[in-house]
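Read the structure below first, then the notes.
Numbering (the numbering used here), first residue to last: 1 to 856.
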């Protein structure tokens with residue numbers, strides 16, 4: 001998953017769009033603007049259009065790129081040409097936006113696009129590009145990966161695509177741009193990292209090139225496999241053609257990959273010189289530098305290939321705290337390996353320091369663990385002589401906070417190696433930097449599983465005071481069950497306090513702080529928006545302020561034409577929450593719109609399609625008593641595709657799980673069967689659960705888990721996709737009927753959820769979701785052991801809790817900023833804690849309270 005760095009720039013506390021930053025640096029604007037041209041700001045762009053002119057719907061876009069030091073000159077020149085030709089155009093508005101759109105972690109499909117022009121037809125596009133090429137002769141810019149260059153220009157590019165905003169809504173709430181192909185059909189406007197044309201459209205500006213041929217060989221090296229791509233360039237496994245020797249190749253693209261006021265090429269040249277200097281004095285300290293060359297406009301560094309995994313991957317594959325049923329011997333062996341690895345990193349850094357260098361970016365991606373658990377440092381682009389100026393190019397969580405950075409450059413390496421030790425034990429870097437007391441709870445939970453060697457713990461905690469005073473209880477205060485329950489109730493109240501304080505009904509983009517998806521999907525829905533937060537606050541017994549409820553009602557009604565139909569990301573979930581807050585008429589109206597939405601016919605899922613719509617009808621039946629809602633839910637269920645055809649109506653690549661797979665459909669069928677008594681529905685739902693069970697990654701494991709999809713083999717214990725969501729449905733089915741196969745699987749399902757260790761604390765993809773399902777299973781089945789397990793899962797939340805003057809906050813998705821959302825932020829944690837304090841039916845959008853008496 002791409003980290004949302006761009007959303008962590010504008011605000012130090014909450015995720016926010018880049019364009020909302022208070023300080024965007026130097027503003028870009030053409031030096032001379034003719035009369036009768038309209039200026040419009042949109043996001044990070046400034047648009048210029050002649051009065052009374054509307055751009056064509058689609059056509060040949062012209063992009064102009066520019067290198068960092070020539071932005072004003074290129075803008076003035078290109079704008080003058082567009083003004084003269086009467087062609088609408090837009091340009092990046094400010095320096096901050098340019099830097100982030102051309103940074104190493106930027107989206108590759110946007111890089112290089114400094115100016116975009118919209119000529120009305122092919123002749124106008126040709127004339128514009130010819131003139132731009134002439135006026136910008138001698139200028140250079142990044143290659144725009146989505147485009148082709150025009151002629152021999154180094155700045156002028158073009159592609160075919162939509163000019164006006166045409167989009168197709170997907171069931172997951174995201175939107176894909178569309179364009180008409182050569183036959184008039186709307187197709188996806190593909191904006192990947194290569195030039196593509198819609199069917200029936202031909203390039204009028206150049207002859208077709210020869211097709212590429214498999215392996216690529218130049219300068220004596222054959223490129224065999226891509227490892228990863230970034231906006232700065234790619235990394236590859238290859239071989240030296242003459243000898244067959246395996247090699248590692250790192251690529252830098254020209255004029256892009258910005259970081260620390262340097263480009264990717266400047267950093268790659270620096271790395272080459274650093275490797276050569278260090279290899280000359282101590283072979284083996286660094287990857288052996290083999291070659292450096294330029295091909296076309298890109299530059300390449302070739303080194304020896306280090307076999308093994310990077311430390312992040314190694315930890316995920318080996319750490320027993322994320323496994324089910326690991327033994328004390330397995331923990332002891334893992335800790336021995338950790339000590340060996342950390343000692344190896346320290347020795348490598350000491351050797352580097354002895355030669356007068358500091359590594360700077362000590363982070364898991366830059367440490368390779370060989371099959372025999374030796375370590376090698378890789379990626380020396382930030383490494384520099386300690387007595388000179390260097391760029392602190394670092395990784396969030398592994399860089400020392402400003403209070404520690406003084407005159408000693410070696411602090412970067414010391415802090416980074418300590419952060420690696422913390423990673424090996426458990427990654428809580430962003431929490432600990434805000435609340436070092438979280439380490440005390442981490443230490444307690446780790447020692448509960450197995451003793452941690454003192455030397456390893458001292459390294460992990462070296463720069464943090466784990467025993468500093470805190471407004472949260474110490475680990476020892478949570479040992480007694482009654483005391484734990486009391487402290488969890490207090491944590492609920494303080495979480496609700498902080499959540500209420502986050503409300504901003506006058507904010508232009510959202511009411512409550514959300515994650516990046518709240519801005520890219522919508523900030524009203526259950527998963528990412530206001531609806532989910534209001535749901536959690538209501539379950540906690542909090543009264544929503546009138547102005548917040550009024551804005552939610554207004555935005556809900558305004559969104560009827562823009563949102564999809566689904567329960568978690570669309571209109572159905574919004575309607576459900578509206579009804580719970582007394583707006584039943586409005587909820588019925590929105591649900592009618594959802595039922596007529598095309599996605600209700602095309603998508604069967606709980607999150608974005610028909611199952612969520614049908615389940616919401618049952619919820620509104622509970623509010624209104626109108627049997628029509630039950631009949632409508634039955635109609636939607638009857639219209640679901642046959643089991644054999646469901647793959648075309650669920651998430652991509654035959655997705656599994658509660659939100660996007662067959663599990664969510666099975667939940668709807670169970671809930672409808674429980675209300676109507678129709679056991680045919682229940683039988684079909686159990687069949688769908690059996691189909692999901694067939695896909696368990698390791699059926700004989702003590703803790704069952706499932707791949708996300710056929711294309712994504714990662715196994716998760718979570719609520720949105722994984723064991724918790726599956727158990728959420730299984731518990732209900734087994735409360736209604738007997739099924740030998742599901743009953744046999746249940747212990748392994750529950751076992752997978754009994755952990756205090758997940759990377760994030762939230763509901764859909766974190767600890768709170770696991771605990772909520774355990775607590776719900778206990779409520780439904782009367783399993784006292786599951787209730788005790790839910791309390792212990794909740795105990796693990798204390799190591800994620802961050803005290804704040806307004807209460808207690810939790811970091812949202814990817815842990816870079818606080819969030820209020822139900823998906824990953826404080827609202828999801830609150831929902832779980834509220835259910836523990838006052839267990840009542842249906843905390844997570846079910847209708848158990850409406851169920852008919854169980855049938856024997």
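Ideal Cβ placement from N, Cα and C applies to all residues, glycine included.
Within this structure, are the beta carbons of residue i and residue j separated by less than 9 Å?
i           : j           : result
residue 525 : residue 568 : yes
residue 661 : residue 763 : no
residue 449 : residue 359 : no
residue 215 : residue 234 : no
residue 758 : residue 782 : no
residue 253 : residue 219 : no
residue 156 : residue 58  : no
residue 527 : residue 821 : yes
residue 637 : residue 576 : no
residue 226 : residue 257 : no
residue 671 : residue 618 : yes
residue 769 : residue 778 : no
residue 564 : residue 608 : yes
residue 303 : residue 283 : no
Tell me residue i's beta-bridge partners as DSSP assigns them.
i           : result
residue 61  : 159
residue 229 : 234
residue 149 : 157
residue 49  : 38
residue 384 : 358
residue 516 : The partner list for residue 516 (beta bridge, DSSP) is empty, contrary to what the question assumes.
Which one of the options has the shortest CA to CA distance from residue i?
i           : options               : result
residue 125 : 103, 166 and 55       : 55
residue 632 : 620, 642, 643 and 641 : 620
residue 269 : 683, 291 and 284      : 291
residue 205 : 150, 709 and 154      : 150
residue 415 : 404, 424 and 834      : 404
residue 655 : 670, 638, 692 and 675 : 692
residue 675 : 701, 625 and 713      : 625
residue 399 : 385, 419, 389 and 406 : 419
residue 802 : 491, 64 and 232       : 491
residue 664 : 685, 462, 648 and 164 : 685
residue 13  : 366, 430 and 130      : 430
residue 464 : 819, 422 and 168      : 422
residue 462 : 507, 87 and 411       : 411
residue 596 : 649, 694, 21 and 560  : 560
residue 172 : 730, 814 and 602      : 602
residue 51  : 64, 34 and 287        : 34
residue 259 : 174, 201, 98 and 311  : 98
residue 372 : 780, 735, 584 and 336 : 336
Kindly indicate the opening and closing residues of the alpha helix (DSSP H) around residue i.
i           : result
residue 186 : Per DSSP, residue 186 belongs to no alpha helix (DSSP H); it is in the beta strand (DSSP E), 186 to 188.
residue 676 : 662 to 676
residue 368 : No alpha helix (DSSP H) holds residue 368; the beta strand (DSSP E) holding it covers 367 to 369.
residue 127 : 122 to 135
residue 811 : Looking at the DSSP string, residue 811 is not in any alpha helix (DSSP H), and its letter there is neither H nor E.
residue 850 : Taken as a continuous stretch (DSSP letters only), residue 850 belongs to no alpha helix (DSSP H), as it is neither H nor E.
residue 747 : 740 to 753
residue 12  : Unbroken run through residue 12: none, as it is neither H nor E.
Go to residue i, then tell me how far its beta strand (DSSP E) extends in each direction, as first and last residue.
i           : result
residue 459 : Counting along the chain, residue 459 falls outside any beta strand (DSSP E), though it belongs to the alpha helix (DSSP H) covering 454 to 460.
residue 444 : It is not in any beta strand (DSSP E) - residue 444 instead sits in the alpha helix (DSSP H) that spans 438 to 449.
residue 296 : No beta strand (DSSP E) contains residue 296, which DSSP labels as neither H nor E.
residue 525 : It is not in any beta strand (DSSP E) - residue 525 carries neither H nor E in the DSSP assignment.
residue 179 : 175 to 180
residue 117 : 115 to 117
residue 248 : 246 to 252
residue 90  : 89 to 92
residue 558 : Note, residue 558: premise wrong, no beta strand (DSSP E); alpha helix (DSSP H) at 546 to 558.
Could you check whether the Cβ of residue i sits closer than 8 Å to any heavy atom belonging to the ligand ATP?
i           : result
residue 665 : Questions concerning the ligand ATP fall outside what the structure shown contains, since it holds no ligand whatsoever.
Please confirm whether residue i has its beta-carbon closer than 9 Å to some beta-carbon of chain B.
i           : result
residue 283 : Given the protein chain composition of this structure (a single chain), no chain B is represented.
task = Determine contact between the stretch 174 to 190 and the stretch 255 to 269, defined as no fewer than three beta-carbon pairs at a distance below 8 Å.
result = Contact check between the stretch 174 to 190 and the stretch 255 to 269: fewer than three CB pairs, one atom from each, fall below 8 Å, which does not count as touching.
message = With three or more C-beta pairs closer than 8 Å as the rule, is the stretch 69 to 77 touching the stretch 143 to 152?
response = Touching, no.
query = Quick one: any contact between the stretch 426 to 438 and the stretch 808 to 827, if contact means 3 or more CB pairs under 8 Å?
reply = Verdict: yes, contact present.
ask   = Is the stretch 311 to 319 in contact with the stretch 376 to 390, if contact means three or more CB pairs nearer than 8 Å?
value = Output reads no: the stretch 376 to 390 does not touch the stretch 311 to 319.
task = Indicate whether the contact test is met: 3 or more Cβ pairs, each with one atom in the stretch 697 to 714 and one in the stretch 745 to 761, closer than 8 Å.
result = Yes, they touch.
inquiry  = Tell me whether the stretch 338 to 348 and the stretch 391 to 398 touch, counting them as touching only if at least three CB pairs, one residue from each stretch, are closer than 8 Å.
reply    = The stretch 338 to 348 makes no contact with the stretch 391 to 398; the number of CB pairs closer than 8 Å stays below 3.
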